[in-house]
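**Q** Chains as they are written, first to last, in this note's numbering: chain E, 67 to 282; chain H, 20 to 243. For glycine and all other residues, C-beta sits at the position ideal for the given N, C-alpha and C.
1. Looking at residue 50 of chain H: is its Cβ nearer than 8 Å to the Cβ of residue 117 of chain H?
2. Exposed or buried, which one is residue 146 of chain E when buried takes at least 16 other CB atoms within 10 Å?
3. Nearest to residue 76 of chain E by CA position, among E:198, E:231, E:155 and E:268, is which residue?
4. Are any of the Cβ atoms in chain H nearer than 8 Å to that of residue 269 of chain E?
5. Would you mind reading off the limits of the alpha helix (DSSP H) that contains residue 79 of chain E?
6. Going along chain H in order, which residues have a C-beta closer than 8 Å to the C-beta of residue 259 of chain E?
7. Mind checking if residue 49 of chain H is an interface residue toward chain E, Cβ cutoff 8 Å exclusive?
8. Can you tell me the Cβ-Cβ gap for residue 85 of chain E and residue 197 of chain H, rounded? I've got them flagged as a contact below 8 Å.
9. Hey, could you find the ends of the alpha helix (DSSP H) residue 272 of chain E is sitting in?
10. Cutting at 7 Å between CB atoms, please list the residues of its own chain near residue 201 of chain H, excluding the five before and the five after it.
11. Answer with buried or exposed for residue 20 of chain H, where buried requires no fewer than 16 other C-beta atoms within 10 angstroms of its C-beta.
12. Which residues in the same chain as residue 194 of chain H place their Cβ atom closer than 6 Å to its Cβ, once the five residues preceding and following it in sequence are excluded?
13. Ignore the nearest five residues each way along the sequence and tell me which others in residue 42 of chain H's own chain have a CB closer than 8 Å to its CB.
14. Does the beta carbon of residue 236 of chain E come closer than 8 Å to any beta carbon on chain H?
15. Flag this pair as yes or no: are the beta carbons of residue 184 of chain H and residue 264 of chain E separated by less than 8 Å?
16. In terms of residue numbering, what span does the alpha helix (DSSP H) encompassing residue 101 of chain H cover?
17. What ranges does the alpha helix (DSSP H) occupy inside the region 120-163 of chain E, keeping only unbroken runs of at least 4 residues that lie completely in it?
18. Name the chain H residues that come within less than 8 Å of residue 161 of chain E, Cβ to Cβ?
19. Does the region 105-125 of chain E come close enough to the region 165-181 of chain E to have 3 or more Cβ pairs within less than 8 Å?
20. Assign residue 160 of chain E to one of two classes, buried (16 or more other C-beta atoms within 10 Å of its C-beta) or exposed (fewer than that).
21. Can you give me the start and stop residues for the alpha helix (DSSP H) that residue 200 of chain E sits inside?
22. For residue 214 of chain E, which of helix, strand or coil comes out of DSSP?
23. In chain order, what residues of the same chain have a beta carbon less than 6 Å from the beta carbon of residue 277 of chain E, not counting five sequence neighbours either side?
This is how it looks when you write it as structure tokens:
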């Protein structure tokens with residue numbers, strides 16, 4: 067019976083899973099944006115050793131499934147299930163973020179930097195006040211689409227037994243196995259992911275159109 | 020207690036069981052090829068539907084794209100595996116993998132096709148219609164050939180994602196490379212060589228395609 071599922075403990079059980087999903091996604095997004103920004107700038111500024119290293123990192127990591135990093139972080143490090151998920155997803159997504167951020171940096175015209183240099187700004191100031199704010203604004207759509215990918219791909223950590231939303235849903239399916247119950251659980255879990263991702267991309271679209279520079 | 024994670028006997032064991040990894044790699048490649056065809060077909064159909072004059076077809080495109088882009092591939096594939104048998108539909112894991120990954124990637128390809136078509140000025144379509152082409156002929160002979168150059172880099176990029184996403188099969192005992200690596204190293208705990216070899220095999224599959232994407236992106240920039 068579906069009514070067996072309408073139980074405050076089961077709903078709480080799923081929502082706790084959602085919280086783990088959000089926790090893993092949130093920290094992975096923050097860390098991968100930081101990592102991607104540092105590497106993106108290193109490549110943009112042609113910093114010798116750092117540039118080669120980040121190219122190597124990106125060429126390797128982008129071509130290997132996220133799930134492999136999740137297995138490595140879970141089984142070869144002493145990190146807790148949640149922390150190993152965050153570590154693996156940040157490491158994997160950092161490579162993709164760096165590509166997105168570099169795209170944003172390359173879209174800026176050189177005149178911007180020349181203008182800033184002529185005003186006596188230091189390299190750090192130029193990056194901080196001129197380059198990054200514009201680059202971030204230009205790449206909001208691909209970046210947010212990557213954020214939703216992180217939220218979706220966090221479901222892969224169930225493969226190593228981390229009980230996030232997908233894991234909690236699967237545990238419930240093991241206990242409540244009638245056809246109606248199984249479909250209800252799938253619909254609820256998928257619906258929660260949809261709600262989070264759709265809200266995120268909808269909000270980002272609005273923000274992006276608000277921030278877009280109007281032509282004169 | 021610390022033993023060398025890359026000790027020689029662990030490599031020896033892996034090379035003795037090389038056929039397990041070769042079988043897994045073969046499944047990964049087969050699923051990727053079938054899923055790619057499914058994704059391309061759905062991507063072109065739904066992508067064209069997304070710019071169609073008919074409003075119902077356009078909303079059909081939106082529902083498909085929004086659903087598959089906003090829910091995890093893992094959930095979609097586990098649904099096919101666990102829930103469909105309740106409706107007396109029992110698919111082999113190979114079909115579940117190809118269909119599930121194809122449906123998921125198809126949504127991304129549909130968006131690539133749709134935005135590629137929208138990038139072609141509307142005057143091109145009007146010119147075709149004014150010359151007596153039907154809507155479909157204008158699409159087929161005027162719009163799609165021009166949009167191809169814009170669409171191809173993102174389609175190829177989705178191809179790389181598709182190959183990586185075949186690893187979802189490991190979560191439904193699909194017998195692919197990731198599944199074999201996970202279960203083999205789970206038995207003997209020889210994680211070091213397993214993960215290194217598995218990573219290299221995936222890398223060999225994806226890297227040429229990634230290079231091709233870079234090449235496409237570079238050449239389309241020059242032409243525009």
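**A** By the coordinates alone:
1. yes
2. By the 10 Å Cβ count, residue 146 of chain E comes out exposed.
3. E:231
4. no
5. 74-110
6. Within chain H, the residues near residue 259 of chain E are 89, 90, 91 and 94.
7. no
8. That belief does not hold up - the Cβ atoms of residue 85 of chain E and residue 197 of chain H are roughly 27 Å apart, past 8 Å.
9. Run containing residue 272 of chain E: 245-277, per the alpha helix (DSSP H) assignment.
10. Answer for residue 201 of chain H: 189, listed in chain order.
11. Caution is warranted here: a pLDDT of 47 is assigned to residue 20 of chain H, below 50, making its placement in the model unreliable, and no coordinate value can be reported.
12. 46
13. 194 and 199
14. Residue 236 of chain E counts as touching chain H.
15. Against a cut-off of 8 Å, the Cβ pair of residue 264 of chain E and residue 184 of chain H comes out as no contact.
16. 92-101
17. The qualifying runs are 132-142.
18. None at all; the shortest Cβ gap to chain H is about 11 Å.
19. By the Cβ test, the region 105-125 of chain E is in contact with the region 165-181 of chain E, since at least three Cβ pairs between them sit closer than 8 Å.
20. buried
21. 198-204
22. Here residue 214 of chain E sits in helix by DSSP.
23. 203
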